[in-house]
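Right, one structure below, let's go through it.
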Amino acid sequence: MENEETVIRRNQMEDKAMEKAYSEESMWKKLKEFAIKAGGSVVYAVLLLYYTMKLKEIPLKIKAVIMGALGYFILPLDVIPDAIPGAGFTDDLGVLVAAIVTVATYIDEEVRNTAKDKLKDWFGEDSVGEHIASIDEKLS
1 MENEETVIRR
11 NQMEDKAMEK
21 AYSEESMWKK
31 LKEFAIKAGG
41 SVVYAVLLLY
51 YTMKLKEIPL
61 KIKAVIMGAL
71 GYFILPLDVI
81 PDAIPGAGFT
91 DDLGVLVAAI
101 VTVATYIDEE
111 VRNTAKDKLK
121 DWFGEDSVGE
131 HIASIDEKLS
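First residue of the sequence shown: 1, per full-length UniProt numbering; consecutive thereafter.
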C-alpha cells in the first residue's frame, strides 16, 4: 500500500508529464486529425482551454492546469484508448471538463465566442449548439 507522500509524488510526476506532452503544434495536429471522431464537445473543450491559456493575464498555475489537460488530450496513451469507437474520447472529455471547471473564472465571453467561431468553421453553423450546451452549463 502506498503512503500519502508516494501518491502525491507520483501525481506530481504525472502532472509534469502531461505538461511536457503539450505543445501547440501537437494540439492542432491532433485536433485536425481527430475532430470528427472526437466530436464537437471535445473540440469545444480543447478550444476553450487553448484560447484561455493564450490570455495575457492568466496566472502560471492556471496555465499549468490547462497544459496538463491539453497534454492528456494529446498523449496517445489514455485510460480509454482513443481508437475505441463511441468511447475513446470520454476520458479526454472528463479531463478537459475538469480543467474547464477549475479555470472557469478565466474563461470570458471573448474566449467563448472565439472557440464557437472555430467550431462553426469545422462543424458548420447548425451543429454548434448541440456541442457546446453541456460545457457552457458548467461555466454558468
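We put the beta carbon where it would ideally sit given N, CA and C, even for glycine. Computed from a predicted structure; not experimentally measured.
Do residue 45 and residue 119 have their C-beta atoms closer together than 8 Å?
no
Have a look at 57, 69, 73 and 133 and flag the residue whose alpha-carbon is nearest the alpha-carbon of residue 108.
57
Looking at the secondary structure, which residues open and close the alpha helix (DSSP H) in which residue 62 lies?
60-74
Where residue 106 and residue 52 are concerned, what is the direct C-alpha to C-alpha distance, given to the nearest angstrom?
7 Å
How is residue 135 classed by DSSP in three states: helix, strand or coil?
helix
Drop a sphere of 10 angstroms on the beta-carbon of residue 69, count the other beta-carbons inside from all chains shown, and report buried for 16 or more, exposed for fewer.
buried
Own chain residues within Cβ distance below 6 Å of residue 114, not counting five before or after:
51
Would the beta-carbon of residue 66 fall within 8 Å of that of residue 55?
no
Put residue 57 into one of helix, strand or coil per three-state DSSP.
coil
Going by C-alpha to C-alpha distance, which of 34, 111 and 60 sits closest to residue 75?
34
Please report the straight-line C-alpha distance between residue 137 and residue 121, rounded to a whole angstrom.
22 Å
With a CB to CB cut of under 6 Å and the five nearest residues on each side skipped, what residues in its chain are close to residue 104?
139
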